[in-house]
Amino acid sequence: MSTDHLTPVLTGRTLVRANPVSKLFAAAVITLALMSSIDWVSAVVVLVCEVALMPLLGISVWGLFRRIWPLLIAALIGAYGTALLAAKTGEVLLELGPVLFTEGSVAAGVAVGLRALALALPGIFIVLTTDPTDLADALAQKLRLPHRFVLGALAALRLVGLLMEQWESLGLARHARGVGSDRSVSARIRNLLGQSFGLIVQAIRRATRLATAMEARGFGGGTRTWARESTFSPLDAVVAGVGLLVAGGAVTAAVLACTWNFILS
Amino acid sequence: MTPEQGPPGPVHVRARGWGWRHAGRKAFAARGLDLEISPGERVLLLGASGAGKSTVLHALAGVLGANDEGEQEGELLLDGAPPAEARGRAGLVLQDPETQVVLARVGDEVAFAPENLAVPREEIWRRVGRALDDVGLDLPLDHPTTSLSGGQKQRLALASVLAMEPGLLLLDEPTANLDPAGVIEVRDAVVRVLESTGATLVVVEHRVAVWADVVDRVIVLDAHGGVLADGEPGEVLTQQAPRERLAAAGVWVPGWQPEIGGRMPDGGGETLVTARELTVARTRRGPAAVHELDLDVQEAGALSITGPNGAGKSTAALTLGGLLRPRSGTLRASAELAGTADRDPFRWRSTQLVQRIGTVFQEPEHQFLTPTVADELEFGPLRVGGVVDRERIAEVAERLRLTGLLKANPFTLSGGEKRRLSVATMLATAPRVLILDEPTFGQDALTWAELVTLLRELVEGGTAVLSVTHDADFIAALGGAELRIADGVGRVVTR
Amino acid sequence: MATSPVRTGTSPTTGQWRVVDIVVASVLAVAVGVVFFAWSAGYSGISVLTAGFPPLAGLYSGGWLIAGVLGGLIIRKPGAAIYCEMLAAAVSALIGTQWGLGVLLSGAIQGLGAELVFLLFLYRRWNLPVALLAGLAAGLALGISENILYNALWTIEFKLLYVLFAAASGVVIAGLLSWLAMRGLARTGALSSFAAGRTADV
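Chains as they are written, first to last, in our numbering: chain A, -18 to 246; chain B, 912 to 1406; chain C, 334 to 535.
See the structure below:
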């Protein structure tokens, strides 16, 4: 288990300066456009734009691949699943007993796989270029989300790494008590359930103490000021505009190409 | 609050017949408290575990909770107002450095409290600078909080409450989890802060010697409610009667050491585990913690592993205990210890491990597996052989004063009881080597003495006892060799 | 005995969130996300199996739903199930068990499923049947929404099968396991700040 991808190494210099709310907006409209339809044209348009914008991440192709390879596999599995289960139209491409792929079902699978990739990348853009504290500042100050929940969530997110370490150390501690190296599946599942329970006990205890520490520092009152102001700059208009442009372009292209396939239709 | 006004002065505390009972509990956590603390007084609050010291501190900080979380009687007032209405007047620092950090950056962390009190932005940053100065933390504002040492984290917690400009400073065992260097670091920061702010101080701590010279009053809470003793440190800590009562309650009174049984172990016997050029690392890919250790673990011998926080002591101990894969070098069990198992302890299955090497983790709760104390004690033997030697278990339970708790849920025990149970569960399978990570951390004097006595007897009976520890008294009482780890290198010192 | 409350508090039935509610709900969601990450390291074998027949994935989808049901059972405040489920979804996007913003939408929908059941009982009943129902509703919400959002091109019989599996998984994994966890947690004393930890018979 690697925790490399948990440390927010902020890479893209330009996008780091943009307000998280504008990045969220751009990602949200692109996601919305992609979600609305399952078709290969809108997915390809978004994917091409995303790949074109990737230099903004300031991360090497290899570095990016190391972070997102499970995503590529997931997209492949999604494509395969749909190709297997979609309506079997067009010519038969492959038939192995009950397994049947046709032109129509494979095309559907390809569209699903491309869409999954295109849907995932905006999230990667945000994770790689956004400091969680800046995000919380922006959500509370600009979007006016309730600050107690935003800050509670921020404080909890800080514990991801700590809880991961605790998971490892629980595993060692339990091994020292005589559990953990069973071969049978049911014993292993029982052990994992026990370890999970142990982690949740520790997490709740820690959270209760953290709540006390936060309350002792005046947290939870009605009004609050912010030591760091979350601001918008012209860059944010550009980010939001690019998001709108990509989303609009994808929808327009799909409609023009007559591939638009609204999910609720 | 405008900066020109300056902070309001030190707080006056008054309690009249005050008590608190947590919701769902039968007994009051604290009761019958009558107290008057003048502005600027520096008070050390003592008492046996369970006397309600933390409850009093939490009440003063206004964080005991609302009325569905407990029941209050009498009154407790800060400058004449209930603590919850005096937000920001009291600043509380807790025991565990790890659980009170809220944010990722040093500057934001200190700014958090004044933000909550709706202090204007420019004033917040002025206070952040001043508070960090006061505690002597000279770090950039965007320095990550995770990379601080325990002592630095506690000083950061202190700075974080100072930024509220509190008139009352409440410290709940602020140095109990620190190494000796960290203890002094935090104590000195508190002294400096008190000199510059003049705030009233109430500190709770088992280790009295740390604070005896700082405070000008000692208040001892009675476990049955009310106050047992109250006066100048010189009086309370030197007079025979209060001293004896404090000692009996497990408080570390300066110049007194709890009585310990057993004999000081003399040198070890046969070698059970041999480490040669052993390099240890916490994770498979992460940096190595200690390089090329050479070490023999001998039966009937004690070994203390010492060094500053973060030096890799625990990693070394876990590796010697067969729990972590050595980065390089060799770790070999003697043929006698290994028996039918492999000679490499890391390759032992967990059931083989518990019969040979027992490891007691620093956090006892990590090793609790069952819903009752009795099940905990039987778990190891059941795993190993399927049969339980009831006599041995009863003996272990008796020895560690757990007999009355057999039906309790392990997680609900007190700190000292949890520690005793975690040692007992390891002894249940009678391993030849026992490894303990910070066994005396945060323990009161009574539990401390019990542990030391027990470990001495174990060594005398032939067990090899390895302890990761900062505790000089503990090392002196157990004797044996010392493995000093610093800067990635370990050196064995024999006295 | 004279009692004077420290301050006018919020009783659990008024629905106001205390600081400890917010922080514990948040950390609980994060912890469940971490647990799921740890498990997913072990079940890559299973995902190969279900890849052969994708609707089978519904059978372990209940794992995604634990945060909402458990959060609701412990915190017992309006919105707890939705909040915990959404935060857990955000955590999984952060640590790379899921990707994209769509996961937040899914989290909201699944949390809403459990939340509606707790609302149906007016946030007053927290027994096993309610937990199982909440798991069921979350499972149905997951199955139906995934079918619309991602499995839209599957033929109808496979969609139905997926919903069925997700619902069953929701009942057992999210409902039963969460209820057992809540009861176990109450016995450890970790929930002493919550009504869930004080009710003698939970």
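All residues carry an ideal CB built from backbone N, CA and C; glycine is no exception.
(request) Check whether the Cβ of Glu196 of chain A lies closer than 8 angstroms to any Cβ atom in chain B. (result) As a position in the first sequence, residue 196 of chain A is number 215, starting the count at 1. With 8 angstroms as the cut-off, Glu196 of chain A counts as an interface residue toward chain B.
(message) What residue range does the beta strand (DSSP E) around Ala1277 of chain B cover?
(response) Taking the second sequence and counting its residues from 1, one reaches residue 1277 of chain B at position 366. Looking at the sequence provided, one finds His at residue 1277 of chain B rather than Ala. Counting along the chain, His1277 of chain B falls outside any beta strand (DSSP E), and DSSP gives it neither H nor E.
(message) Whether or not the stretch 1045 to 1054 of chain B and the stretch 974 to 983 of chain B are in contact is what I'm after, with contact meaning three or more pairs of Cβ atoms, one per stretch, closer than 8 angstroms; do they touch?
(response) Taking a cut-off of 8 angstroms for Cβ pairs, the stretch 974 to 983 of chain B and the stretch 1045 to 1054 of chain B do not touch, as fewer than three such pairs fall below it.
(message) By the three-class DSSP mapping on this structure, what secondary structure does Gly1399 of chain B have?
(response) For the purposes of this step, residue 1399 of chain B is taken as the residue at position 488 of the second sequence. It is coil, neither helix nor strand.
(request) Evaluate the contact criterion for the stretch 504 to 524 of chain C versus the stretch 453 to 468 of chain C: three or more CB pairs, one atom per stretch, below 8 angstroms. (result) yes
(request) Would you kindly check if the distance between the Cβ of Gly446 of chain C and the Cβ of Ala613 of chain C is under 8 angstroms? (result) With chain C covering only 334 through 535, there is no way to say anything about residue 613 of chain C.
(request) Report the rounded CA-to-CA distance for Arg1395 of chain B versus Leu153 of chain A, giving the unit in angstroms. (result) Counting from one through the second sequence, the residue named residue 1395 of chain B turns up at place 484. Counting from one through the first sequence, the residue named residue 153 of chain A turns up at place 172. Cα to Cα, Arg1395 of chain B sits roughly 24 angstroms from Leu153 of chain A.
(message) Suppose you measure from the CA of Leu452 of chain C to the CA of Gly508 of chain C; what does that come to, to the nearest Å?
(response) The residue you call residue 452 of chain C lines up with position 119 of the third sequence. The residue you call residue 508 of chain C lines up with position 175 of the third sequence. About 16 angstroms.
(request) Out of B:Thr1086, B:Ala959, B:Ala992, B:Ala1192, point me to the one whose CA is closest to Ala926 of chain B's CA. (result) Reading the second sequence from its first residue, position 15 is the one you call residue 926 of chain B. Measuring from the Cα of Ala926 of chain B, the nearest candidate turns out to be B:Ala992.
(message) Do Glu952 of chain B and Asp1127 of chain B count as a contact pair if the criterion is CB distance below 8 angstroms?
(response) As a first step, residue 1127 of chain B is located in the second sequence; it is residue number 216 there, counting from the start. As a first step, residue 952 of chain B is located in the second sequence; it is residue number 41 there, counting from the start. Against a cut-off of 8 angstroms, the Cβ pair of Glu952 of chain B and Asp1127 of chain B comes out as a contact.
(request) Quick one: residues in its chain with C-beta nearer than 6 angstroms to the C-beta of Thr966 of chain B, no 5 flanking neighbours on either side, listed in chain order? (result) Taking the first residue of the second sequence as position 1, residue 966 of chain B is located at position 55. If we look at Thr966 of chain B and ignore the five residues flanking it on each side, its Cβ neighbours are Trp931, Ala940, Ala941.
(message) Just to make sure I have the definition right: I need the residues of chain B whose C-beta is within less than 7 angstroms of the C-beta of Arg531 of chain C. Which are they?
(response) In the third sequence, counting from the first residue as 1, residue 531 of chain C sits at position 198. The answer, in chain order, is Ala934, Gly935.
(request) To the nearest angstrom, report how far apart Gly1250 of chain B and Gly1296 of chain B are at their CA atoms. (result) Locating residue 1250 of chain B in the second sequence gives position 339, counting from the first residue. Locating residue 1296 of chain B in the second sequence gives position 385, counting from the first residue. Looking at the backbone, the Cα of Gly1250 of chain B and that of Gly1296 of chain B are separated by about 16 angstroms.
(request) Say whether chain A places a C-beta atom closer than 8 angstroms to the C-beta of Val357 of chain C. (result) The residue given as residue 357 of chain C occupies position 24 in the third sequence. The Cβ of Val357 of chain C sits closer than 8 angstroms to at least one Cβ of chain A.
(message) Residues of chain E with CB closer than 9 angstroms to the CB of Pro51 of chain A, please, in chain order.
(response) The structure shown contains no chain E; the protein chains it does contain are A, B and C.
(message) So, at 7 angstroms on beta carbons, what are the nonlocal neighbours of Gly1327 of chain B in its own chain, with the 5 sequence-adjacent residues on each side left out?
(response) For the purposes of this step, residue 1327 of chain B is taken as the residue at position 416 of the second sequence. If we look at Gly1327 of chain B and ignore the five residues flanking it on each side, its Cβ neighbours are Ser960, Gln1354, Asp1355, Thr1358.
(request) Answer yes or no: does any C-beta atom of chain C fall closer than 8 angstroms to that of Glu12 of chain A? (result) Numbered from 1 along the first sequence, position 31 holds the residue referred to as residue 12 of chain A. Residue identity differs from the one stated: residue 12 of chain A is Thr in this sequence, not Glu. Interface residue, yes.
(request) Let me know the secondary structure DSSP gives Thr1262 of chain B once reduced to three states. (result) Along the second sequence, one-based indexing puts residue 1262 of chain B at 351. Of the three classes helix, strand and coil, the one that applies to Thr1262 of chain B here is helix, per DSSP.
(request) Answer with buried or exposed for Pro1169 of chain B, where buried requires no fewer than 16 other C-beta atoms within 10 angstroms of its C-beta. (result) Stepping through the second sequence from its first residue, residue 1169 of chain B is reached at position 258. When all chains shown are included, Pro1169 of chain B counts as buried.
(request) Using three-state DSSP, classify Ala934 of chain B as helix, strand or coil. (result) Residue mapping note: residue 934 of chain B aligns to position 23 of the second sequence, counting from 1. The answer is coil: DSSP assigns Ala934 of chain B none of H, G, I, E or B.
(request) Report the residues of the stretch 133 to 149 of chain A with a CB closer than 7 angstroms to any CB of chain C, ordered along the chain. (result) Gly133, Ala134, Ala136, Ala137, Leu138, Leu140, Val141, Leu144, Met145, Trp148
(message) Rounded to the nearest angstrom, what separates Leu403 of chain C and Ala414 of chain C at their Cα positions?
(response) In the third sequence, counting from the first residue as 1, residue 403 of chain C sits at position 70. In the third sequence, counting from the first residue as 1, residue 414 of chain C sits at position 81. Looking at the two C-alpha atoms, the distance is approximately 8 angstroms.
(message) Check this for me: beta carbons of Thr83 of chain A and Gly94 of chain A, under 8 angstroms apart or not?
(response) As a position in the first sequence, residue 83 of chain A is number 102, starting the count at 1. As a position in the first sequence, residue 94 of chain A is number 113, starting the count at 1. No, these two residues do not count as a Cβ contact at 8 angstroms.
(message) Out of B:Glu1181, B:Gly1093, B:Asp1253, B:Trp929, which one is the CA nearest neighbour of Glu986 of chain B?
(response) On the second sequence, position 75 is the one that residue 986 of chain B refers to. Each of B:Glu1181, B:Gly1093, B:Asp1253, B:Trp929 was checked against the Cα of Glu986 of chain B, and the nearest Cα belongs to B:Trp929.
(message) Between which two residues does the alpha helix (DSSP H) holding Leu449 of chain C run?
(response) The residue you call residue 449 of chain C lines up with position 116 of the third sequence. Where Leu449 of chain C is concerned, the enclosing alpha helix (DSSP H) stretches over 435 to 453.
(message) Which residue wins for smallest C-alpha separation from Ala192 of chain A, given the options C:Ala423, C:Gly348, C:Val353?
(response) For the purposes of this step, residue 192 of chain A is identified with residue 211 of the first sequence, where counting begins at 1. Minimum Cα distance to Ala192 of chain A is reached at C:Val353.
(message) Based on DSSP bridge pairs, tell me the residues matched to His1202 of chain B.
(response) Here residue 1202 of chain B refers to the residue found at position 291 of the second sequence. Its beta-bridge partners are B:Val1400.
(message) For Leu1362 of chain B and Thr110 of chain A, I'd like the C-alpha separation in whole angstroms.
(response) Counting from one through the second sequence, the residue named residue 1362 of chain B turns up at place 451. Counting from one through the first sequence, the residue named residue 110 of chain A turns up at place 129. Approximately 51 angstroms, taken between the alpha carbons.
(request) Might you give, ordered along the chain, the residues of its own chain that have their beta carbon closer than 8 angstroms to the beta carbon of Ser525 of chain C, omitting 5 neighbours on each side? (result) Along the third sequence, one-based indexing puts residue 525 of chain C at 192. Hits under 8 angstroms: Arg531.
(request) Closer than 7 angstroms by C-beta to Pro1 of chain A: which residues in its own chain qualify, once you throw out the five before and the five after it? Chain order, please. (result) The residue given as residue 1 of chain A occupies position 20 in the first sequence. Here the set comprises Thr111, Asp115, Leu116, Ala119.
(message) My assumption, with CB atoms under 8 angstroms, is that Leu1081 of chain B sits in contact with Ala972 of chain B. Please give the rounded CB distance.
(response) Within the second sequence, numbered from 1, the residue matching residue 1081 of chain B stands at position 170. Within the second sequence, numbered from 1, the residue matching residue 972 of chain B stands at position 61. About 5 angstroms separates the two Cβ atoms, so the contact holds.
(request) Using only alpha-carbon positions, find the residue among C:Glu418, C:Ala358, C:Thr430 that is nearest to Ala467 of chain C. (result) As a position in the third sequence, residue 467 of chain C is number 134, starting the count at 1. Among C:Glu418, C:Ala358, C:Thr430, the Cα nearest to that of Ala467 of chain C is on C:Glu418.
(request) Just mark Asp1253 of chain B as buried or exposed, buried being the case when its beta carbon has 16 or more other beta carbons within 10 Å. (result) Position 342 of the second sequence, counted from the start, is the residue given in the question as residue 1253 of chain B. Here Asp1253 of chain B is exposed, its C-beta having fewer than 16 other C-beta atoms within 10 Å.
(request) Starting from the Cα of Phe200 of chain A, find the closest Cα among B:Leu1189, B:Leu1003, B:Gly1172 and give me that residue. (result) Residue numbering aside, residue 200 of chain A sits at position 219 when the first sequence is read from its first letter. Among B:Leu1189, B:Leu1003, B:Gly1172, the Cα nearest to that of Phe200 of chain A belongs to B:Leu1003.
(message) Using DSSP's beta-bridge definition, name the partner residues of Gln1209 of chain B.
(response) Numbered from 1 along the second sequence, position 298 holds the residue referred to as residue 1209 of chain B. Looking at the DSSP assignment, Gln1209 of chain B forms a beta bridge with B:Thr1182.
(message) Within a Cβ cutoff of 7 angstroms, which residues of the same chain sit near Ile477 of chain C, ignoring the five residues on either side of it in sequence?
(response) On the third sequence, position 144 is the one that residue 477 of chain C refers to. Close CB contacts of Ile477 of chain C within its chain, under the 7 angstroms cut and outside five residues either way in sequence, are with Val496 (chain order).
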